[in-house]
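Mapping of the sequence shown onto UniProt numbering: position 47 corresponds to residue 47, and the numbering continues sequentially without gaps.
In this text, a Cβ means the ideal position worked out from N, Cα and C, and glycines have one as well.
Everything numeric in this text was worked out from a predicted model, so none of it was measured.
To start, the structure under review is shown below, and the notes come after it.
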Amino acid sequence: MGCSFSGLNALYDAVNGAGDVWINETRFKIVRQLGEGGFAYVFLVKEVPTDNSSASAGGGLAKKVKDPSHLSDDGTYAMKKVLIQNSEQLELVREEIRVSSLFSHPNLLPLLDHAIIAVKPSQEGSWKHEAYLLFPVHLDGTLLDNANTMKAKKELFSTTDVLHIFRQDSSICTV
Numbered sequence: 001m002g003c004s005f006s007g008l009n010a011l012y013d014a015v016n017g018a019g020d021v022w023i024n025e026t027r028f029k030i031v032r033q034l035g036e037g038g039f040a041y042v043f044l045v046k047e048v049p050t051d052n053s054s055a056s057a058g059g060g061l062a063k064k065v066k067d068p069s070h071l072s073d074d075g076t077y078a079m080k081k082v083l084i085q086n087s088e089q090l091e092l093v094r095e096e097i098r099v100s101s102l103f104s105h106p107n108l109l110p111l112l113d114h115a116i117i118a119v120k121p122s123q124e125g126s127w128k129h130e131a132y133l134l135f136p137v138h139l140d141g142t143l144l145d146n147a148n149t150m151k152a153k154k155e156l157f158s159t160t161d162v163l164h165i166f167r168q169d170s171s172i173c174t175v
């Protein structure tokens, strides 16, 4: 659920323009925004090494992550930030965290860490909590990115590639 570091994160963001984020005891620098939708944003973040850890060795995450293969060699991850406005949304985020924690499938990104913090409502919005969910990141793009690139080049996926994609997607349904 977060700790004092995460609680101070909201104040730090207000003063410093949201450049750094704490997820529990681990600090991350926001590199850039990857996407947004509804009340959530996804950022590319990089772990900031502390005196006691090294981002290249998994830093503070190394102690928490069950499968070390999910740790980034360079400390780069995807972070989902959810703005929570009411108790119903808070429960939905808690359920997302619970369900995401159950995943163990090669085609699904595992939840590495998370924090939910209470924040004071701002004049611009009315949210009362923020959730931070940390996932591995694959910088070679999404399926949609690849499809858009191919469309611009007037290329098509091969039948074999399409079947491979559908086989991977259908295997998720059996999880």
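Take residue i as the anchor and find which of the options has the nearest alpha-carbon.
i: L71; options: L92, L109 and G141; result: L109
i: F43; options: D20, V21 and A78; result: A78
i: V48; options: R27, D67, K128 and A118; result: R27
i: H164; options: V99, N107, D145 and V21; result: N107
i: T76; options: N24, R32, L92 and R94; result: R32
i: L112; options: E36, P136 and D145; result: P136
i: K120; options: Q89, I23, I84 and K151; result: I84
i: R94; options: P68, H129 and V21; result: H129
i: Y133; options: L143, G141, N146 and A115; result: It should be noted that the sequence gives Leu, not Tyr, for residue 133. The shortest Cα separation from L133 among L143, G141, N146 and A115 belongs to A115.
i: G168; options: A118, L90, L143 and N148; result: In the sequence under discussion, the amino acid at residue 168 is Gln, which differs from the Gly named in the question. The option with the nearest alpha carbon to Q168 is L143.
i: S101; options: D74, I117 and K64; result: K64
i: I23; options: G37, L61, F39 and L34; result: L61
i: H138; options: D20, G19, L34 and E25; result: L34
Hey, quick one: how far does the alpha helix (DSSP H) through residue i stretch, first residue to last?
i: L92; result: S87 to L102
i: L144; result: L143 to A152
Using the rule of at least 16 other Cβ atoms within 10 Å of the residue's Cβ for burial, across every protein chain shown, is residue i buried or exposed?
i: F103; result: exposed
i: K81; result: buried
i: N86; result: exposed
i: H105; result: exposed
i: E88; result: exposed
i: A152; result: exposed
i: E25; result: buried
i: V162; result: exposed
i: V99; result: exposed
Looking at the structure shown, is residue i part of a helix, part of a strand, or coil, going by DSSP?
i: G60; result: helix
i: L163; result: helix
i: H105; result: coil
Which residues bound the beta strand (DSSP E) around residue i?
i: D113; result: D113 to A118
i: K81; result: T76 to I84
i: T26; result: T26 to G37
i: V137; result: Unbroken run through V137: none, as it is neither H nor E.
i: K46; result: A40 to E47
i: D20; result: D20 to I23
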